[in-house]
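K.L.:
In this note's numbering, the protein residues as written are 524 to 589. Ideal placement from N, C-alpha and C gives every residue a C-beta, glycine not left out.
#1: How many angstroms separate the CA atom of residue 553 from the CA atom of residue 566?
#2: Would you say residue 562 and residue 586 are within 8 Å of each other, going by their C-beta atoms?
#3: Determine the burial state of residue 530: buried for a count of at least 16 other Cβ atoms within 10 Å of its Cβ, exposed for fewer.
#4: Note down the Cα distance separating residue 556 from residue 583, rounded to an integer number of angstroms.
#5: Starting from residue 559, trace the alpha helix (DSSP H) both ways and give me its first and last residue.
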């Protein structure tokens, strides 16, 4: 793993041509981290309920596996 991958809020995965390797790009944010942050803020501000939060997290986990 690249040394920049330790901080997920400052990395974004980019594909290298010809190999199946994702290398984080410094200064970018993973879309997964953005979504998790956005969901947690919505939940903290009571803009979404517990059920909606849990459903959204399950959907994210399913998409991550595929």
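P.N.:
Short version:
#1: Here residue 553 is taken as the residue at index 30 of the chain shown, counted from 1. Here residue 566 is taken as the residue at index 43 of the chain shown, counted from 1. Near 20 Å, if we compare the C-alpha coordinates of residue 566 and residue 553.
#2: Taking the chain shown and counting its residues from 1, the one referred to as residue 562 is at position 39. Taking the chain shown and counting its residues from 1, the one referred to as residue 586 is at position 63. Taking 8 Å as the cut-off, the beta carbon of residue 562 is found no closer than this to the beta carbon of residue 586.
#3: For the purposes of this step, residue 530 is taken as the residue at position 7 of the chain shown. Its pLDDT being 49, under 50, residue 530 is placed unreliably in this model, and the value from its coordinates should be taken loosely. Answer is exposed; the Cβ neighbour count stays below 16.
#4: If you number the chain shown from 1, residue 556 lands on position 33. If you number the chain shown from 1, residue 583 lands on position 60. Put simply, the backbone Cα of residue 556 is about 11 Å away from that of residue 583.
#5: If you number the chain shown from 1, residue 559 lands on position 36. Counted as a single uninterrupted DSSP element, the alpha helix (DSSP H) harbouring residue 559 occupies residues 554 to 567.
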